[in-house]
Every structure is written in C-alpha cells, then in structure tokens.
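Note that the protein sequences, when read in sequence, are chains A and B. Under this note's numbering, the first sequence has 75 at position 75, and the numbering climbs by one with no breaks. Take any residue in the second sequence, count from 1 to its spot, add 1000: that is its number in this note's numbering. Beta carbons are placed, not taken as given, at the ideal position from N, Cα and C, and that holds for glycine.
There are 2 protein chains.
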Amino acid sequence: MSSVSQPPRRTRDPEAKRAAILAAARAVFAEHGFEKATIREIARRAGVANGLVMLHFTSKEQLFVAAVPGPRDLAEAVAGDRDGLPGRIAQAYVTRMENADRADPFIALVRAAAADQEAAKALLGAMRLESVTAYKKVLAGRDVGERVDLLAALLIGVTMSRYVLADGPLAAMTPERLARHLTGALEAILLT
Amino acid sequence: MSSVSQPPRRTRDPEAKRAAILAAARAVFAEHGFEKATIREIARRAGVANGLVMLHFTSKEQLFVAAVPGPRDLAEAVAGDRDGLPGRIAQAYVTRMENADRADPFIALVRAAAADQEAAKALLGAMRLESVTAYKKVLAGRDVGERVDLLAALLIGVTMSRYVLADGPLAAMTPERLARHLTGALEAILLT
C-alpha cells in the first residue's frame, strides 16, 4: 500500500525540465518553422529524452501551441470584462503578429494547410482547444465553440493576406487601423 | 492609310472563341485544380492558339477568376439594397461552396498559399480587383477596399476551416447556420 500513497520519486525538478523543453521548442520552431521542426532536436536542445517531451505534451502540435506566444497572450486578453474582449483580442493578435517569427501558430497553420493537411488539422484542433477553454471564462452560451471557430477563421484569413502573402489593403494598413477593423468584426462575431 | 481605318479582319466570331476558352478553363481547372492546370491544355480543348487565351485574359489567374463561378455570383449578390448586402453575400458564398469543386477560387487560393506564393498573390489580386469593382456599386466611402479585403480574409479563413481542413465547429454546422453567422460578421465588416 505504501507504493500507492508514496509513489516512486519522479525525475528531479520536473518543472525546470518542462520549462527547458518549452524554451528549446520556441527556438527550434522559430528556426525551422512548424513542419520541419522535430521532437528529436527539441529534446536534444533541452537535454532530455524524446519520450519526456511526448510525456509532457503528447504531440508536436500540442507542444507548439504550449510553446509559442499565442496561449499566454490569450489568457491575458481573455481576462477582463466581456464588452472589451473583442478589442483586447484584436490588440493582442496585432501586437503579436507585428513581432511574429516563423513560430507563430497562425503562420504555421497557413503554411501547413496546403503542404500537410493532417498537421494543419491537428494544429487547428490544438489551438481551438486552448482558445475555447479560455473564452468560456468570459463568454456564455452553447455556441461559444462556433463563435471562437469563426474568430479563428477571420484571424487565419488576415494572417494569410497581411503576413504570408503580404499584399493588398490589409497588408498596407497601419497596425492601429487593423486593430480597429478587427475589433468591429470581432464584436459581431463574439458578442451579438 | 486604309490599313488604319480598316484593320485586317480578326478571327471569326471572337465571342464564341471567348466562350469556348471559358468553358474549357472551367473543365480543366475543375479537373486539375488551379496550380496544375495549364494554358496549353485549356487552349487545346477550346480549339484555339495559346496566344489567343493570353490575348483575351492576360494571365492564368485572370482567366481563372473569369471562368469560375465567383464573379457571376458576386454580380448577382451585389445587385440590390445596401442593408441586405451582407446576407446576400453570405448566402451566395455558402451556396457556391456547398457545391464547389476544385475550381473554386477560394479553395485554389488556400491550396496555393503554401505551395506557390506568387500564384496565390496573383489570384488574390485578381479576386480583389473583381470584388472591389463590384462592391463600389453599392458601398460608398474611401475604405471600401479595406472592407472588401477583410471580407475576403474572413471567407478565406472559413474556406480553410470548413472546406479544406474540414474539421471543427465551422465544418460541422449546417449551411443555414453558417450563412447566419457570416451575415452577422459581414454586417460589421461592410456596413458599420
């Protein structure tokens, strides 16, 4: 019975290892992009076994979503009142993207969509899971999942137009103007 | 001087040849998708010289936009009152996509974005030109181009989520529900 109440001691300082994996993942994703990054290289840089990476994060997609800026932005943007949510989300997206590198989840998703549809699907699924959980803290109603998916679709399309193809009016406007346009659209998508 | 006032007779029935090129283009784009379709095969099926295709349509992208359903839908959807525009656009998009084949411009664009960025950029540019011209008949204001580009971004993202990756709440909902969600978002994007 003592083995149940006192399980065998785990690896030393699992939190530090988790942090090392996340830091290595951020670096490797930024360097190689989502598709070309490997768990093997991330584990090597973090100084842990491949298996430990999978134990903590289950899949490359989930590691990506945990490692890149999105989710932390999201938690901050979601914290606050319901009516200000669209503006905070718009601002967080624009701020992040204006400083984005190849490791941004939206850019990775757009690039993966044509090349590796299964990876893109898993990536979108992982992002969806993160965001719906966060948004449910602020938004009520049975259709939160649908609204968040429509929000994601808008941000995916804007990412393609402004940041990947980088051409046309969306690409030419100032970040402030983009945030203003997005706020209006997100108010309709999330609140009405 | 007579050669100026009376130019040499052109190919017989240019309108019929133009129609034959469009029909051949629709078939070839549907069969091979945008990227793999060639002007050569389209010309062969239409029974005209390659050069005549380019003379009529300038580029593969412009031929695509002229040949596929989008623009005709657009002209119909734009005709009518300003307030009903978002609903008509949403309905036209959903109806078209639910019956879409590989020749749909949005699907072609999403697929091209990762594989061939220059083709994707040209395709988006050609779609943008068509739509802004159409929308300017109904919408006023200096920022019509920006609004139309944001609308295009939303439809690009929805296309990726529902029709290309075909996964998640946007992919699962009924066409009617999708049209309702889109109408709300497009009202904010186009009218406010």
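_At the level of alpha carbons, what is the spacing between A/GLU118 and B/ASP1081?_
Here residue 118 of chain A refers to the residue found at position 118 of the first sequence. Here residue 1081 of chain B refers to the residue found at position 81 of the second sequence. Rounded to the nearest angstrom, the two C-alpha atoms are 42 Å apart.
*Flag A/HIS32 as yes if its beta-carbon sits less than 8 Å from any beta-carbon of chain B, otherwise no.*
Within the first sequence, the letter at position 32 stands for residue 32 of chain A. Not an interface residue.
*Exposure label - B/GLY1184; buried when at least 16 CB within 10 Å*: Position 184 of the second sequence, counted from the first residue, corresponds to residue 1184 of chain B. Flag for B/GLY1184 reads buried.
*Starting from the beta carbon of B/SER1161, find every residue of chain A whose beta carbon is closer than 8 Å, and list them in chain order.*
The count along the second sequence starts at 1 and reaches residue 1161 of chain B at position 161. What B/SER1161 touches in chain A: LEU124, ASP149, ALA152, ALA153 and ILE156.
*From the DSSP output, in three-state form, read off A/ARG88 for me.*
Position 88 of the first sequence holds residue 88 of chain A. Three-state DSSP puts A/ARG88 in a helix.
_Contact set between B/ARG1088 and chain A, taken where Cβ atoms lie within less than 7 Å_ = Start at 1 with the first residue of the second sequence, and residue 1088 of chain B comes out as number 88. Per Cβ cutoff of 7 Å: no residues; B/ARG1088 is ~17 Å from chain A at best.
_Using only the alpha-carbon positions, how far apart do A/ILE156 and B/VAL1148 sit?_
Working through the first sequence from its first residue, we reach residue 156 of chain A at position 156. Working through the second sequence from its first residue, we reach residue 1148 of chain B at position 148. Here the C-alpha atom of A/ILE156 lies approximately 16 Å from the C-alpha atom of B/VAL1148.
*Looking at chain A, which residues of the region 1092-1113 of chain B have a Cβ within less than 9 Å of any of its Cβ atoms?*
Residues passing the 9 Å Cβ filter: LEU1109, VAL1110, ARG1111, ALA1112 and ALA1113.
*At which residue ranges does the region 47-135 of chain A contain complete alpha helix (DSSP H) runs of 4 or more residues, listed in the order of the chain?*
As far as the region 47-135 of chain A is concerned, its whole alpha helix (DSSP H) runs of at least 4 residues are 50-57, 60-67, 70-78, 85-98, 105-115 and 117-135.
*Using only the heavy atoms of the ligand ADP, determine whether one of them is closer than 7 Å to the beta carbon of A/PRO169.*
Within the structure as shown, the ligand ADP is missing, as the structure has no ligands at all.
*By Cβ distance below 7 Å, which residues in the same chain neighbour A/GLN6 in space, the five residues on each side in sequence not counted?*
Locating residue 6 of chain A in the first sequence gives position 6, where the first residue counts as 1. Because the pLDDT of A/GLN6 is 49, which lies under 50, any placement of that residue in the model is unreliable, and the question is left without a value.
*If you draw a straight line from the alpha carbon of B/ALA1115 to that of B/LEU1085, how long is it in whole angstroms?*
Locating residue 1115 of chain B in the second sequence gives position 115, where the first residue counts as 1. Locating residue 1085 of chain B in the second sequence gives position 85, where the first residue counts as 1. C-alpha separation (whole angstroms): 34 Å.
*Take B/MET1054 as the anchor and find which of B/ALA1025, B/ALA1079 and B/ALA1077 has the nearest alpha-carbon.*
For the purposes of this step, residue 1054 of chain B is taken as the residue at position 54 of the second sequence. The shortest C-alpha separation from B/MET1054 is found at B/ALA1025.
*Contact list for B/GLU1187 against chain A, beta-carbon separation under 7 Å*: Your numbering for residue 1187 of chain B matches position 187 in the second sequence. What B/GLU1187 touches in chain A, judged by beta-carbon distance under 7 Å, is ALA188, going in chain order.
*asked:* Taking the alpha carbon of A/ALA206 as the reference point, which residue from A/ARG88, A/LEU63, A/THR174 and A/GLY51 has its own alpha carbon closest?
replied: Coverage of chain A is limited to positions 1 through 192, which leaves residue 206 of chain A absent and any answer about it impossible.
*Excluding the five sequence neighbours on either side, which residues of its own chain have a C-beta within less than 7 Å of the C-beta of A/VAL65, listed in chain order?*
For this step, residue 65 of chain A is matched to residue 65 along the first sequence. Annotation for A/VAL65: PRO71, PRO105, ALA126, MET127 and GLU130 place their beta carbon closer than 7 Å to its own, counting only its chain and skipping 5 residues before and after.
*Which first and last residues belong to the alpha helix (DSSP H) in which A/LYS17 is found?*
Residue numbering aside, residue 17 of chain A sits at position 17 when the first sequence is read from its first letter. 14-36 is the extent of the alpha helix (DSSP H) around A/LYS17.
*Once you ignore the five residues that flank A/GLY87 on each side, which residues in its own chain have a CB closer than 6 Å to its CB?*
Within the first sequence, numbered from 1, the residue matching residue 87 of chain A stands at position 87. Hits under 6 Å: THR183.
*Checking contacts by CB at 8 Å: is A/VAL48 closer than that to chain B?*
Taking the first residue of the first sequence as 1, we reach residue 48 of chain A at position 48. Residue contact check for A/VAL48 against chain B: no CB pair falls below 8 Å.
*Below 7 Å CB to CB, which residues in the same chain sit around A/ALA49 once its five sequence neighbours on both sides are set aside?*
Position 49 of the first sequence, counted from the start, is the residue given in the question as residue 49 of chain A. The answer, listed in chain order, is ALA43.
*Skipping 5 residues on each side, what residues in its chain have a beta carbon closer than 6 Å to that of B/ALA1046?*
Your numbering for residue 1046 of chain B matches position 46 in the second sequence. Same-chain partners within the cutoff: ALA1020, ILE1021 and ALA1024.
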